[in-house]
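Student:
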Amino acid sequence: MVNVLSHGKIESLIREISARPVIDPKEESMANENFDADLIVIGAGPGGYVAAIRAAQLGAKVICVEKEYLGGTCLNWGCIPSKAMIASVERMQDAKHGADLGVVIDGTISMDFKKMMERKEKIVQTQRGGVGYLFKKNKIEHVEGFAKFVDVHTIEVEKDGNKKTLRAKNFVLAMGSSVIHIPVPGLDGRRAEGVWTSDDAVTADHVPGRMLILGGGAVGVEFSYVFSGVGSEVTLVEMMPTLIPMFDEELGKELGKQLGRNGVKVKTGAALEKCEKVAGGWKCTVKTGSQVEEIEVDVVLLGVGRKANTDGMNLEGIGVKLHRRGVEVIDDTLQTHVPNIYAIGDVTGRIQLAHVASHEGIIAVHNILEGKAEKAQYKAVPNCVYTVPEVASVGLTEEQAKTQGYDVKIGKATFRPNGKAMAAGHQDGFVKVVVDAKYGEILGLHMIGSHVTDMIHEGVAALNLEATLDSMIMSIHAHPTMAEVVLEAYEDAHGLAIHKA
Ligand code: FAD
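Residue numbering for the sequence shown follows the working numbering, beginning at 10 and increasing consecutively.
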């Protein structure tokens, strides 16, 4: 079959190809004699360390420069420590509800916060060691220190006042992002004054009596779950009408209800107007609609605000363009405006998720080492929140699908009647599927409930393979599993759910 391109399409392809930066052949030919490595990766977070390993697997000589800890934000301050803390709280709550399942526990059940945090630290250190082991196994040179560009092939790495120069043919920028203190009138202080960021929360040495957590995104809701679980009186303040506003709004509403049941005072559509220092903490003025209230707390935890790590690296000096939120990539091939330099993960200021950073790292490395122009795929990025109940989502929300002009069909099923959910004592939550009514294509899958962060991947596969509702209905789901509720939601989109009351 002949594929005829329109005149306009050909012109736009020519524009795209000529806009792509090319490597100067003179520089390319210098490569082997003058370079310490084929590739230097700057940053060893989930973007950088995965990129470094893949490059080594493809036969490249690789150096990874890291100024702090292997594993980056995710492993040391983000995904892993927060999930270790959540696991402790969840286990304690399971124990408290054990009597419902016939478990007899004599005496009181409480949390030893010091032990909980020691366990968290041990997990972080073990995982960090795991990355070090993988570097050794793949013969990746790990250089400690802060990297700064001298020219497009040269960096200077500084550690404790000592400097060394390294040259490479190509670079992957994977410097990630760091917490910032977003401005709140009157709130002037750091950890010692009771103003925490997520970095302080994962290294906390005590449980504050009262906390105000600002921001009802993933970070804010997860810490609300943790600190209310270990006994803090938590007020959660979110500006948007529902929690986790990036998700389908039904999920945010349900999560708000569940956190409320666990004792978190959830305030949505609310703003932290100002704070005033008082003995032992902060008096916070919170405005919800026309209602203004003053809430006294020991700690204000800023659950929002991160900044790409681009300062002090002379990036613009060598031609890497920056935008407001980080390093600019020319397109989803992840090349920057300097042809031998690519950028991945949080530092690009795009999607801030560990698995996206890793995916981008792999795409960038194949493009660099195999001369390809593959694009990262963002159609089916799972987004998860690890509260109890968990939240997981992939693809379009109902609202997004409608805005994009789809005629939408919805299927919904709850965990309540499901046999496995009842047996496990985890019956809260539901599954919602968004389907294109015309062709039956699955457009989005959204869930709240126990283990949904593990169950979302059938939605990821369905979206990537452009699966239809009928093909998913023909995929047998094991009994008894929580995943049967996903099948039930597909059936419901046809109005044929078996277990619907
Ligand atoms: P990073 O992990 O930030 O790593 C960048 C590394 O580069 C750092 O180690 C830094 O020290 C180093 N570096 C920076 N500049 C230089 C320099 N000039 N020279 C040398 N080294 C340098 N994401 C999820 O997907 N799931 C979750 O459950 C999740 N939970 C989170 C919970 C919290 C509390 C937070 C804060 C984040 C969470 N995230 C989660 C987000 C996730 O941590 C990030 O998206 C991810 O770490 C980004 O990876 P990265 O490799 O781009 O950067």
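Built from N, CA and C at the ideal position, the CB exists for glycine as well.
(1) Is Asp45 near the ligand MG, going by C-beta to nearest heavy atom under 7 Å?
(2) Within 10 angstroms of the Cβ of Lys418, are there 16 or more other Cβ atoms? Answer buried if so, exposed if not.
(3) Leaving out five residues on either side along the sequence, give the residues of the same chain with a beta carbon under 6 Å from the beta carbon of Lys168.
(4) How about Ser480 and Asp355: are their beta carbons less than 8 Å apart?
(5) Closer than 6 Å by C-beta to Asn392: which residues in its own chain qualify, once you throw out the five before and the five after it? Chain order, please.
(6) Alpha carbons only, please: which of Val295, Leu143, Phe180 is nearest the one belonging to Lys157?
(7) Do you know offhand how far Ile49's Cα is from Asn376's?
(8) Are the CB atoms of Lys292 and Glu302 nearer to each other than 8 Å?
(9) Is His151 near the ligand FAD, going by C-beta to nearest heavy atom under 7 Å?
(10) Could you give the distance in angstroms between the alpha-carbon of Leu324 and the alpha-carbon of Tyr58?
(11) Closest to Leu281 by C-alpha separation, out of Gly261, Leu264, Ile304, would be which residue?
(12) Rounded C-beta distance between Leu478 and Ala502? I'm assuming under 8 Å.
(13) Which of helix, strand or coil does DSSP assign to Ala422?
(14) Under the three-state reduction of DSSP, which class applies to Thr319: helix, strand or coil?
(15) Comparing the CB of Thr396 with every heavy atom of the ligand FAD, is any distance shorter than 7 Å?
(16) Does Ile371 come out as helix, strand or coil in the three-state DSSP assignment?
(17) From this set, Val308, Glu127, Gly265, which residue's C-alpha is nearest Ala93's C-alpha?
(18) Could you tell me the distance, in whole angstroms, from the CA atom of His508 to the CA atom of Pro426?
(19) Excluding five sequence neighbours on each side, which residues of the same chain lie with their C-beta closer than 8 Å to the C-beta of Val313?
(20) In whole angstroms, give me the CA-to-CA distance for Leu268 and Asp209.
(21) Tell me, to the nearest whole angstrom, how far the beta carbon of Val495 is from that of Glu467; I am working on the premise that it is less than 8 Å.
Tutor: Let's see:
(1) This structure lacks the ligand MG; the ligands present are the ligand FAD.
(2) As a first step, residue 418 must be located in the sequence shown, where it is residue number 409. That one is buried.
(3) For the purposes of this step, residue 168 is taken as the residue at position 159 of the sequence shown. Hits under 6 Å: Glu153, Gly154.
(4) Along the sequence shown, one-based indexing puts residue 480 at 471. Along the sequence shown, one-based indexing puts residue 355 at 346. Contact flag unset, no.
(5) As a first step, residue 392 is located in the sequence shown; it is residue number 383 there, counting from the start. Excluding positions up to five away in sequence, the list reads Ser402.
(6) Indexing the sequence shown from 1 puts residue 157 at position 148. Closest option to Lys157, Cα to Cα, is Phe180.
(7) As a working mapping, residue 49 is identified with position 40 in the sequence shown. As a working mapping, residue 376 is identified with position 367 in the sequence shown. Roughly 15 Å separates the two Cα atoms.
(8) Working through the sequence shown from its first residue, we reach residue 292 at position 283. Working through the sequence shown from its first residue, we reach residue 302 at position 293. No, the pair does not count as a contact, with Cβ atoms beyond the cut-off.
(9) For this step, residue 151 is matched to residue 142 along the sequence shown. No, the beta carbon of His151 sits no closer than 7 Å to any heavy atom of the ligand FAD.
(10) If you number the sequence shown from 1, residue 324 lands on position 315. If you number the sequence shown from 1, residue 58 lands on position 49. Cα to Cα, Leu324 sits roughly 21 Å from Tyr58.
(11) By one-based count along the sequence shown, residue 281 stands at place 272. Of the candidates Gly261, Leu264, Ile304, the one whose C-alpha sits nearest the C-alpha of Leu281 is Ile304.
(12) Numbered from 1 along the sequence shown, position 469 holds the residue referred to as residue 478. Numbered from 1 along the sequence shown, position 493 holds the residue referred to as residue 502. Indeed, because the Cβ distance is near 6 Å, the residues count as touching under 8 Å.
(13) Locating residue 422 in the sequence shown gives position 413, where the first residue counts as 1. Ala422: strand per DSSP, three-state reduction.
(14) Position 310 of the sequence shown holds residue 319. Coil.
(15) By 1-based counting over the sequence shown, the position of residue 396 is 387. No, the Cβ of Thr396 stays beyond 7 Å of every heavy atom of the ligand FAD.
(16) Residue 371 sits at position 362 when you count from the first residue of the sequence shown. In the structure shown, Ile371 sits in a helix (DSSP, three-state: H, G or I).
(17) Taking the first residue of the sequence shown as 1, we reach residue 93 at position 84. Looking at the Cα atoms, Glu127 is the closest of the given residues.
(18) If you number the sequence shown from 1, residue 508 lands on position 499. If you number the sequence shown from 1, residue 426 lands on position 417. Going from the Cα of His508 to the Cα of Pro426 covers about 7 Å.
(19) One-based indexing of the sequence shown puts residue 313 at position 304. Taken in chain order, the residues that qualify are Ile191, Leu223, Gly224, Gly226, Val228, Gly229.
(20) Along the sequence shown, read from residue 1 onward, the residue named residue 268 stands at position 259. Along the sequence shown, read from residue 1 onward, the residue named residue 209 stands at position 200. Spanning the two alpha carbons is a distance of roughly 22 Å.
(21) Mapped onto the sequence shown, residue 495 falls at position 486. Mapped onto the sequence shown, residue 467 falls at position 458. 6 Å between Cβ atoms; contact.
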